[in-house]
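Each remark here refers to the structure printed beneath this line.
Protein chains in written order, with the working numbering: chain A, 10 to 444; chain B, 31 to 92.
This is the structure in structure tokens:
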């Protein structure tokens, strides 16, 4: 397990577990001695009769190709047995010794499910129970892999007794089956999500129920565990799309609106199914007593609202899962509600309401910042103003006393008729769809 | 496989039927599922399958 090990000479052609005395075919095994992490590179080097250092260099380089090397390394570490210490049989791969791992992960997931409400579902992904949603998703992935692995089919050719050629072929067959299963399940998941977002979720739900019935019937006839994976591949995306209330009906793409007058702000606000929605209100004719009520409804994606730095912003905004960032203040997680500056009466003021089902809302109160999320670099605003500056500006705008001459908002409700400016012209027609 | 039936398939089947039924009811606007509820149901399903699978390993290995 040292660097010195990596330069160890290849073993002499004396009998070895990979090259059995009986002249059988070579077998890929992880090495015990010539290992740095899990003996994968040593095993590959021995199997292909090349220096393990070359394999390790190849793994290192592959990091820069979408990280395929590390993924392959982990997969091999999980599925490839370790060479025997003596003349015995190779140690089974970790995935074969997963009984208690399965039980542990299973108990963990059940505890998570039961404690969802206890640990405040609204802050589940952003609070203290899990540091990052990736951990939760990782647990689900591990659980799904364990189910698939333990569901049968892959056990043939694994550790244990049997002929070596069959086991070597079994590894390759398992990799092929896993790849094909991954592709098939991915397609099923996309179809289920698409069906749910286009109003055809009933059909998918019926298919899920049908698979459940087949599982029960299969249980009485020796088992049908392989059906678990397609059932989950259909149910999980459909459930996510349904719960997030995602709909493709409101359009897909990138839209930017830059109304030039209050009358051009539609009374029912702006809607988009999936994509990027930018509403730049910085060119509006903001008077000292102007109050704009704006509603946004975005299914999946990024919504960005820009206002001048002297405008107070109040929010009554929700997200099923995502982030709500108002002038640097951020709230993220599941079922998040933003009520920034609730009750503020200062003017000029933007009263922002609506929902981003899955994604982000950013309110940027800066006169010069670029609102295009593609150009965000440092933090969410990425423009000339930082979070602290915007926060200070918003506080100042919302604590300023309203003008005393007339009630705030008089005669300035949006969409009230009159001249209507078109959305920003360089993004196409009627909302400037692009992309 | 235990006796005349496979416990893992049975548990998974019942859980999948429950999930499918809930999704169907949601699609028909009989109820409204939140992401938290869906996540909890999926977690509980996968967890239950893993527990039954792990505890039944002796049966599989004979």
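C-beta: ideal position from N, C-alpha, C; glycine also. For clarity, every value in this text was computed on a predicted model and none was experimentally measured.
Local Cβ density within 10 Å of residue 287 of chain A, reported as buried at 16 or more and exposed below that | For the purposes of this step, residue 287 of chain A is identified with residue 278 of the first chain, where counting begins at 1. Per the 10 Å Cβ criterion, buried.
Straight-line Cα distance separating residue 307 of chain A from residue 281 of chain A | On the first chain, position 272 is the one that residue 281 of chain A refers to. On the first chain, position 298 is the one that residue 307 of chain A refers to. C-alpha separation (whole angstroms): 5 Å.
**Asked** Residues of chain B with a CB under 8 Å from the CB of residue 344 of chain A: which are they?
**Response** Reading the first chain from its first residue, position 335 is the one you call residue 344 of chain A. At a C-beta separation below 8 Å, residue 344 of chain A has these neighbours in chain B: 64, 65 and 66.
- prompt: Hey, does residue 60 of chain B have any beta-carbon neighbour from chain A nearer than 8 Å?
  reply: Taking the second chain and counting its residues from 1, one reaches residue 60 of chain B at position 30. No, residue 60 of chain B lies away from the interface with chain A (no Cβ there is under 8 Å from its Cβ).
**Prompt:** From the beta carbon of residue 116 of chain A, is the nearest beta carbon of chain B less than 8 Å away?
**Reply:** If you number the first chain from 1, residue 116 of chain A lands on position 107. It does: the Cβ of residue 116 of chain A has a partner Cβ on chain B nearer than 8 Å.
Original post:
When the Cα of residue 58 of chain B is compared with those of A:327, A:273 and A:213, which residue comes out closest?
Top reply: For this step, residue 58 of chain B is matched to residue 28 along the second chain. Cα-wise, what sits closest to residue 58 of chain B is A:213.
Where the alpha helix (DSSP H) containing residue 65 of chain B begins and where it ends
Taking the first residue of the second chain as position 1, residue 65 of chain B is located at position 35. Residues 65–85.
Within-8 Å CB hit, residue 324 of chain A to chain B
In the first chain, counting from the first residue as 1, residue 324 of chain A sits at position 315. No, its Cβ sits nowhere closer than 8 Å to a Cβ of chain B.
Next item on the list: Name the one or two DSSP bridge partners that residue 39 of chain A has.
Entry: Residue numbering aside, residue 39 of chain A sits at position 30 when the first chain is read from its first letter. Per DSSP, A:91.
How long is the line joining the alpha carbons of residue 38 of chain B and residue 220 of chain A, rounded to whole angstroms? Indexing the second chain from 1 puts residue 38 of chain B at position 8. Indexing the first chain from 1 puts residue 220 of chain A at position 211. Between residue 38 of chain B and residue 220 of chain A, the C-alpha separation is close to 14 Å.
In this structure, how does DSSP classify residue 116 of chain A when only helix, strand and coil are distinguished?
Residue numbering aside, residue 116 of chain A sits at position 107 when the first chain is read from its first letter. Reduced to three states, the DSSP call for residue 116 of chain A is helix.
| Cβ-based contacts, 9 Å cut-off: residues of the stretch 240–254 of chain A near chain B | 240, 241, 243, 244, 245, 247, 248, 249, 251, 252, 253 and 254
Cα-Cα separation between residue 311 of chain A and residue 368 of chain A, rounded to whole angstroms: As a first step, residue 311 of chain A is located in the first chain; it is residue number 302 there, counting from the start. As a first step, residue 368 of chain A is located in the first chain; it is residue number 359 there, counting from the start. Cα-Cα distance, rounded: 6 Å.
* To do: Note down, in chain order, every chain B residue with its Cβ under 7 Å from the Cβ of residue 217 of chain A.
  => Taking the first chain and counting its residues from 1, the one referred to as residue 217 of chain A is at position 208. Result: 46, 49, 50 and 53.
Requested in this report: Check whether the Cβ atoms of residue 380 of chain A and residue 333 of chain A sit closer than 8 Å, and answer yes or no.
Outcome: The sequence position of residue 380 of chain A within the first chain is 371, counting from 1. The sequence position of residue 333 of chain A within the first chain is 324, counting from 1. The answer is no: Cβ separation not under 8 Å.
Review point. Going along chain B, which residues have a C-beta under 9 Å from residue 307 of chain A?
Key: Along the first chain, one-based indexing puts residue 307 of chain A at 298. Near residue 307 of chain A there are no residues of chain B at all, since even the closest Cβ is about 16 Å away, more than 9 Å.
Does any residue of chain B have a CB that is nearer than 8 Å to the CB of residue 225 of chain A? Translated into positions along the first chain, residue 225 of chain A becomes position 216. At least one chain B Cβ lies under 8 Å of residue 225 of chain A.
For residue 333 of chain A and chain B, any beta-carbon pair shorter than 8 Å? Here residue 333 of chain A corresponds to residue number 324 of the first chain, with the count starting at 1. No, residue 333 of chain A lies away from the interface with chain B (no Cβ there is under 8 Å from its Cβ).
Practice prompt. Could you tell me which of A:305, A:291, A:284 and A:299 sits nearest to residue 275 of chain A, measuring between CA atoms?
Written response: Residue mapping note: residue 275 of chain A aligns to position 266 of the first chain, counting from 1. Nearest option by C-alpha distance: A:305.
Check whether residue 6 of chain A and residue 292 of chain A have beta carbons under 8 Å apart
In the structure displayed, chain A extends from 10 to 444; residue 6 of chain A sits before or after that span and is not available.
Next item on the list: Would you mind sorting residue 199 of chain A into buried or exposed? The rule is 16 or more other CB atoms within 10 Å of its CB.
Entry: Position 190 of the first chain, counting from 1, holds the residue named residue 199 of chain A. Exposed, by the Cβ-count rule.
message = With distance defined between alpha-carbon atoms, name the residue in A:255, A:263 and A:314 nearest to residue 330 of chain A.
response = One-based indexing of the first chain puts residue 330 of chain A at position 321. In this structure, A:255 is the residue among A:255, A:263 and A:314 with its C-alpha nearest to the C-alpha of residue 330 of chain A.
**Prompt:** The alpha helix (DSSP H) spanning residue 266 of chain A covers which residue range?
**Reply:** What you label residue 266 of chain A is simply residue 257 of the first chain in a count that begins at 1. Taken as a continuous stretch (DSSP letters only), residue 266 of chain A belongs to no alpha helix (DSSP H), being part of the beta strand (DSSP E) at 261–266.
- Task: Taking only the alpha-carbon atoms, compute the straight-line gap between residue 36 of chain A and residue 50 of chain A and give it to the nearest angstrom.
- Result: What you label residue 36 of chain A is simply residue 27 of the first chain in a count that begins at 1. What you label residue 50 of chain A is simply residue 41 of the first chain in a count that begins at 1. Put simply, the backbone Cα of residue 36 of chain A is about 14 Å away from that of residue 50 of chain A.
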